[in-house]
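Numbering (the numbering used here), first residue to last: 153 to 313.
Glycine residues also receive a C-beta, built at the ideal position from the N, C-alpha and C atoms.
Single-structure report; data block below.
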């Protein structure tokens, strides 16, 4: 299943992330793809805050991963852009980040190929004029369920925010 959204600005992208976070009720692995500056980190920040985290959401560009604990969930925001070798993920205990109480948001997932858990949802963010097009593609039954719930609230599989 896939849904596509046009977001005219950063606030629209954040609104979509908030809607997705509201419906995310299962352990989930989300891959985020897009060029530098496409809005991956803004999307993750809005998602984490919508889950109830009230502190500062930092970019994990230099730390690889930032952890957050919210309402019985462990959320992990990965930014693998600076990852030199996927084997570095073994040193941080990568398998521990994909438990049943975890939601992992992974920017630049291709840099961790072979060591990351499979995605439940893949989000591709592309520049479209002054805005962004976000294509959300489920990769598992959990991903299908999440997109079905999102579609129910947006009432249109190709919606503008």
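- Query: Nearest-angstrom Cα distance between residue 164 and residue 267?
  - Reply: 33 Å
- Output the distance between the C-alpha atoms of residue 185 and residue 205, rounded to the nearest integer angstrom. 23 Å
- Task: Report buried or exposed for residue 102, applying the criterion of at least 16 other Cβ atoms within 10 angstroms of its Cβ.
- Result: Lying before the first or after the last residue shown, residue 102 is absent from the chain, which here runs from 153 to 313.
- Query: Can you list, in chain order, the stretches of the beta strand (DSSP E) that have 3 or more residues and sit fully within the region 225–305?
  - Reply: 225–231, 254–259, 273–280 and 283–290
- Query: Relative to the C-alpha of residue 269, which residue among 256, 278 and 277 is closest?
  - Reply: Closest by alpha carbon: 256.
- Query: In angstroms, rounded to a whole number, what distance separates the CA positions of residue 248 and residue 304?
  - Reply: 33 Å
- Query: Within the chosen definition, does the region 294–301 reach the region 203–218 through at least 3 CB pairs nearer than 8 Å?
  - Reply: The region 294–301, when compared against the region 203–218, does not touch it at the 8 Å Cβ threshold.
- Evaluate residue 277 with the Cβ neighbour count: other Cβ atoms within 10 Å of its Cβ, from every protein chain shown; 16 or more gives buried, anything less gives exposed. buried
- Are there 16 or more other CB atoms within 10 angstroms of the CB of residue 173, so buried, or fewer, so exposed? buried
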